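The structure appears below as structure tokens.
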Amino acid sequence: MAAFRIFVVLYTLLAEIGFCYSSEVYIVYMGSKRTVEAKDISKQNHLLLASVHDGSLEKARASHVYSYRHGFRGFAARLSKKQALKIAGMSGVVSVFPNEKRMLHTTHSWDFIGVSTNEDMEIPGFSTKNQENVIIGFIDTGIWPESPSFNDHGMPPVPSKWRGICQGKNFANFSCNKKIIGARYYLRGYEAEESNRITKFRSPRDSSGHGSHTASIASGRFVNNMNYNGLGNGAARGGVPMSRIAVYKTCWETGCYDADLLAAFDDAIKDGVDIISVSLGPNSPQGDYFRDSISVGSFHAINHGILVVSSAGNVGARGSATNLAPWMLTVAASSTDRDFSSQIILGSRKKLMGESLNTFRMNASAPTILASQISNGFFTPYQSSFCLDSSLNKTMARGKVLICYHSGSYSESRIGKSIVVKKVGGIGMILVDETENDVALPFVIPAVTVGKRTGERIQHYATRTKKARSLILPAKTVIGSRRAPRVAAFSSKGPNLLTPGILKMEFNILSGTSMACPHITALAALIKAVHPSWSPSAIKSALMTTATVLDKTGRFITADPSGRRANAFDYGSGFPDPSRMLHPGLIYDIEATDYKAFLCLTGYNDKYLNLVTGESNRNCSQSHQVRSNLNYPAITVPDLNGNYSVTREVTNVGRARSLYRSVVISPKGINVTVVPDVLSFRSYGEKRNFTVNFWVVTPSNDYVFGALLWSLRRIEVSSIPLIVRVASH
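According to mature numbering (1 follows the signal peptide of the UniProt record, and there is no 0), the stretch in the sequence shown is residues -22 to -1, 1 to 707, in order.
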């Protein structure tokens, strides 16, 4: 009998250990915050968790990770799949999804965009001094507070509306000031999934530089004599240098987890930020809006009057854009007119150009060989061609310039390849990137990146020339060498695979979508400073409808690497124009009820709609709109069959008495009319509706692109893309 009791105890213990190892963190999303006090929400969450832990409050508290209680309802907890499924079927629960990892997706740029070079960043005709009352929340890797970009010299007191905290000031040598007015960090979701405990900078302090970079681009103070080892020398400043920064550190060594991201959104809503900048996102293809932490957090931020700006991703393929929700402002990437070019001199004295931030100087040319020719151990020549760790023969690599290849994978480190080459004794590297992502990088040895064609010429030389040699020269800053802006090859592109009727991206600017995002964040903050009462959708509309599809030479924007004429799936609405965005004339505003109608048409029923919105009197049967009628400043018709009509509403934010005439650039093979084709306004804030009618004239096999412009006295004021695909039969 005693032996039987021991067996039962051991069996129970093993079962509990098994549960611990089989459980993982799940997000339980419960929609909008209702009348329950924030302090009581954690208690309710513990009671709900106890119901799947055999009534044990102790186990419920042990499994609990976060409670979300300020901007929306929900919690994160360690659960088994069975427990997660049980909670998903409970009343009051919108969705349950795993705690997934999200990945993080420069001085001359503001000159190139056309924003003033002075500290106040004034735009002619408008005062942007109110930017000192605009608070930008950065959900990223933290910040380095001692950087001169974040000094508070001459800044007025912190705005009275601020309700946040400065976490870490009493234990982590981290301090805030009148510039960085708040800072928080989030670890629970990360440490629940990762075996390595964070030991360095368990505070809002930035350990990677990414968060400091994004914050300085958008909001950094004016700093003279900034450069990278002599490259890109000049004065650095953010787009809104007098704005305030609130830091939400959610990203650590290996990524950013959903549980932490939602906790950051929840706090940012409570703290009183005006804009949230999120330079990260889900993997493509993106799933359901309310099973995605950034979509959930941004939905509730928008409903609290906070604009969310996000990056589209760096995959580069068609249909790879992420952060697809229509309530977000999503940014893609393009180039400026500044290159960091490094010259390669082959032994034959042939000179070729590549991209690099290389500041190392080779004393003389060196023997040059393909990495595939010096494979090591069990590695094949194909594997060693990518200069993988341990794939290269040290004896054969020593003292040589190696020709390596990049697979095009977003996760494959280019800088890591230079580290591998250096480790085996190589003195230089020519990296052939056939995707031609055109990104200059700070390699650890003399190195340069070249595209496919240049790579083929170098390979031909190396394989056909006995004792091939090359010399890699230090990089130089070159301005105006190529047309710009151009759509970056790595920038993720449309169409929106989740909701084809919504165009993503809205914008396209600067290399790296992580760094493109804070540029648009800053422009949005400038609009907020001038028009503090404007809604997030009004700010978004002003940016989108005043953007241009022409480069600095007045020709259509092109797309790398082929140089083809770009389209709305590449550049969204276009390249931002600061000279026009503060007076857009007309805006396409979106009310909260518009998003509710959109959700109905996306497949959400009354139960989920009421939970998400927090309104019990709203039901989907009241909505008779079509999805394309969301009052969005772009019109996409993904399956045109015969004819189709779309309605939009514009609000006059220009002259009180004004007359706008429509100008249509029809997509190829499509007939487009606008009714009425003239809009007359008598007062500021007056609204007018119009209908756009589409007819198929000549069917096409793919999407075709056009535009609708509203002009005032022959001056283009407002423009939106028209995107159509004829339904296949």
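All residues carry an ideal CB built from backbone N, CA and C; glycine is no exception. Since the model is a prediction, treat every value here as computed from it, not as a measurement.
| Query | Result |
| --- | --- |
| C-alpha gap between D315 and L528, whole angstroms | Here D315 scores only 43 on pLDDT, less than 50, and its place in the model should not be relied on; the value that follows carries that caveat. Roughly 14 Å between the two C-alpha positions. |
| Proximity of V704 and F672 at Cβ, strictly below 7 Å | no |
| Check: S334 C-beta below 6 Å from any heavy atom of the ligand FAD | Absence of the ligand FAD is noted for the structure shown, with no ligands found whatsoever. |
| Beta carbon of I113 nearer than 7 Å to that of Y226 | no |
| Uninterrupted alpha helix (DSSP H) stretches inside the segment 320 to 385 (no shorter than 4 residues) | 359 to 362, 372 to 375 |
| Contiguous alpha helix (DSSP H) assignments of at least 4 residues, all confined to the segment 389 to 428 | 392 to 401 |
| A462 (DSSP reduced to helix, strand or coil) | The predicted position of A462 is uncertain, since its pLDDT is 41 and thus under 50; a value taken from the coordinates is nonetheless stated next. Looking at A462 - three-state DSSP - the assignment turns out to be coil, as it is neither helix nor strand. |
| Reduced DSSP secondary structure (H/G/I, E/B, other) of T228 | coil |
| Assumed close pair I393, I436 - CB separation to whole angstroms, cut-off 8 Å | Contact doesn't hold; Cβ gap of about 20 Å is too wide. |
| Run of the beta strand (DSSP E) containing N671, from where it starts to where it stops | 665 to 674 |
| Closest by C-alpha distance to D236, when choosing among T499, L687, E36, F53 | F53 |
| R166: first and last residue of the uninterrupted alpha helix (DSSP H) it sits in | 166 to 171 |
| Nearest-angstrom Cα separation, counted from V399 out to G187 | 25 Å |
| Given 8 Å, three or more beta-carbon pairs between the segment 61 to 74 and the segment 25 to 45 | yes |
| Three-state secondary structure (DSSP) of K139 | coil |
| When Y586, A525, I19 are compared against S557, the one with the closest alpha-carbon | A525 |
| Residue range of the unbroken beta strand (DSSP E) whose run includes I253 | 253 to 256 |
| K444 versus L380 - alpha carbon distance | 15 Å |
| Buried versus exposed call for A(-8) [16 or more other C-beta atoms within 10 Å across all chains shown] | Note that A(-8) has pLDDT 36, beneath the 50 cutoff, so the model's placement of it is unreliable and no number is given. |
| Residue from N583, G167, Y610, Y7 with nearest C-alpha to H278 | Y7 |
| Collapsed DSSP secondary structure at F75 in the structure displayed | strand |
| DSSP state of R51 mapped onto helix, strand, coil | strand |
| S515 versus V74, F179, I195, I284, residue with shortest Cα-Cα distance | I284 |
| Short Cβ contact (7 Å threshold) for F356 with S385 | no |
| Beta-carbon separation (whole angstroms), A224 vs D249, contact threshold 8 Å | 6 Å |
| Neighbour-count burial assignment, S697, 16 or more Cβ in a 10 Å radius | buried |
| Backbone CA spacing between A502 and T346 [nearest angstrom] | 49 Å |
| Reduced DSSP secondary structure (H/G/I, E/B, other) of T526 | strand |
| Coarse secondary structure for D270, derived from DSSP in three states | coil |
| Residue from D32, L657, L26, K37 whose Cα sits closest to the Cα of G67 | L26 |
| With 16 other Cβ atoms within 10 Å as the buried cut-off, status of A35 | According to the sequence shown, residue 35 is Leu rather than Ala. L35 should be labelled exposed. |
| Bridge-paired residues (DSSP) for A685 | I643, P699 |
| Three-state class that DSSP yields for D245 in the structure shown | helix |
| Euclidean distance between Cα positions of N111 and K139 | 9 Å |
| Span separating the alpha-carbon of V590 from that of V74 | 13 Å |
| N155 versus T629, S125, T614, residue with shortest Cα-Cα distance | S125 |
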